Structures are given as C-alpha cells and as structure tokens.
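Numbering (full-length UniProt numbering), first residue to last: 1 to 302. Quick reminder that beta carbons are idealized off the backbone N, C-alpha and C, glycines included. Source: prediction; values computed, not measured. Structure first, then comments.
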C-alpha cells in the first residue's frame, strides 16, 4: 500500500502499489481537483499512467456506485480508440481510488496551442476529427455515455488519438451543479447548453436524444478550438458570464471564413443550441468534409 504520509505530499511519493504490483513514479503529469495522474514505470509492464482519486468525504453509497462503474469501464479494454484501464484498486482505509492506465505522450490541448503559431493541414484536422468521432462512437456503443468532453480527454498513444474513457466527472453526475462548480474555468468552454440547464427528457426517445447529443456540442467546441486556435468562449473570463453566454440563444457564435466550406458547415451543425437539430456521430462521419482535401489552415489571427 501507499506509505502513510499527509495527503498534500502524495505528489512527492516515489512508489505506488496497486493490487500488489509496484509502480515507480517518474513524474506528476496532472493535478486536478481530487485527482492526480503520475507517469510510472511498472516492474514488467513498462510505462503506465496511475491516477489517484481521493474520495474522502464522499458518501459510502456514492463510492460503491463509483466502484461498480469503474468495473464496468474495464470492458472498454478491447476498444481500439480508448485509453486502456489495466487495473484498479480502492484503498478503503485512505478513501483512495487507484487506476492503472495506458500511458500517452500529449493530449489534444498541445495541438490546439500550436495552432496560434503554426499552420495545420486539413488532412490532419480530418484525422483528429475522425478519430474523435470514432472514439466517442465506440465508447457509446459499449453503453458508456461520455460527458465533460474536452481536448484533455483525447490522448496521443503510440501515434493514435485515443479517448480517456474514465473521467471522475462522468461517474459523479448526480449533482450537475457541483460538477460545474468543480470544473476548471477552461473546461466550461466545452460544456453544452443543456448540460448547464439540465434540460429533462420526456419519454425514452427524448432521454436518449438529450443524453447523447450534448457531446456533439462538446466535440464541435473542440473542433472549433482546433480550427481557430482558441476556445469558443475563451474570451469570457467570469464563470457566470461564460455559462450565461453558452445557454443564451441570442449570443451569436462567431464563425470565421475557412478554406473548407464543408468544415465550416460541420462547425455550424455541431454548435446548434437546439439539441434536436444537431447531427449524430454517424451523420458526421458521413459528412462531405471527411471526403475532401483543402490544404492548410494558417495560424489564426482574430
């Protein structure tokens, strides 16, 4: 087990044990809310990523539900476009959930940052977009509906773009308000209007539509960031102002001219505030944009 040291110092630990396996920490790669992710070296597994999630103060029934859902997520191991969850363990004494996952190099955020300085080939945009769509479709076909999609959820692993299937916010959806309060301000840029307003469904058809189409908006926001080099609502700093802008139908989303009219059409379709007017994943995969070639997207200057 982990050495018993004060929790604030957990990012300085050198060894993590999960189900009797020892992992030597190389570096802390991310720290977000109750979660920390370490790049580690396994004794016989090579490079891995270990995520530590503190569930201290969480109600026991919620913890049980979380663990059940984590077990369910192990079924995603055969998904080619999803980061593999190899193993997990819950330390009851310390209320600490430990996840052993496939290690990646960078996430899609690094590509978006480079857009401010470098041109991006349309073929690259198509690759990223197609991989994102197919990853979300693959995980959805397994019965897992991803929420809180953002660039950091897409990781480059051995040259492929994969979706991080496990996100603590996906599993703790009982209180949307708390999810919004705990989300970093940048994450809100990718949240759909209906996720903010918690629009209820009426009947099975409505519920399926509302539970699946919000991530179309989020994917559209990621594509917008990739194309223009900045997030759609990035210029709005105050949290409440940002949330109001997202749900306000009178707030006009700025779409700038692009070398590919079909790419612009994809953006406009995905970023429709009416959830019922957005396309499905399969419709986006069949969209003409993925069959065209239009050269380079130059560094964007607003």
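Here's a check: name, in chain order, each residue in its chain whose Cβ is nearer than 7 angstroms to the Cβ of residue i, leaving out the five neighbours to either side.
i	result
residue 269	278, 279
residue 22	15, 43
residue 247	193, 196, 197
residue 272	278
residue 220	267, 270, 271
Does the distance from the CB of residue i to the CB of residue j come in under 9 angstroms?
i	j	result
residue 275	residue 194	yes
residue 50	residue 85	no
residue 87	residue 18	yes
residue 189	residue 233	yes
residue 191	residue 108	no
residue 95	residue 64	no
residue 53	residue 30	no
residue 163	residue 48	no
residue 287	residue 262	yes
Going by DSSP, which residues form a beta bridge with residue i?
i	result
residue 155	107, 162
residue 101	49, 85
residue 91	96
residue 54	96
residue 38	28, 50
residue 16	23
On the premise that residue j lies in contact with residue i, defined as a C-beta separation below 8 angstroms, what is that separation, rounded to the nearest angstrom?
i	j	result
residue 76	residue 144	7 angstroms
residue 161	residue 132	7 angstroms
residue 264	residue 112	Contact flag wrong, Cβ pair sits at about 18 angstroms.
residue 41	residue 55	Actually they do not touch by this definition, with Cβ atoms about 26 angstroms apart.
residue 283	residue 260	Residue 283 to residue 260, Cβ: 18 angstroms. No contact.
Once the 5 residues before and after residue i are set aside, which same chain residues still bring their CB inside 6 angstroms of it?
i	result
residue 205	Low confidence applies here, because residue 205 scores a pLDDT of 42, under 50, leaving its location unreliable; read the following figure in that light. If we look at residue 205 and ignore the five residues flanking it on each side, it has no Cβ neighbours.
residue 258	264
residue 156	104, 105, 106
residue 110	none
residue 173	Residue confidence for residue 173 is low, a pLDDT of 46 falling below 50, so the modelled location carries little weight; the figure read from the coordinates is stated next. Around residue 173: no qualifying Cβ.
Just to confirm my understanding: we take residue i, look at its own chain, exclude 5 residues before and 5 after, and list those with CB closer than 8 angstroms. What are they?
i	result
residue 8	Low confidence applies to residue 8: its pLDDT is 38, below 50, so where it sits in the model is not reliable enough to give any reading.
residue 130	285, 290
residue 142	75, 76, 79
residue 67	90, 97
residue 249	273
Does the beta carbon of residue i fall short of 8 angstroms from some heavy atom of the ligand ZN?
i	result
residue 264	Because no ligand of any kind appears in the structure shown, any question about the ligand ZN cannot be addressed here.
Practice problem: Count the C-beta pairs between the segment 212-221 and the segment 128-146 that are closer than 8 angstroms, then say yes if the count reaches three, no if not. | Solution: Flag = yes, the segment 212-221 and the segment 128-146 touch.
Self-check item: At least three beta-carbon pairs within less than 8 angstroms, the segment 69-84 to the segment 113-127
Solution: No: the two stretches stay apart, fewer than three of their Cβ pairs being nearer than 8 angstroms.
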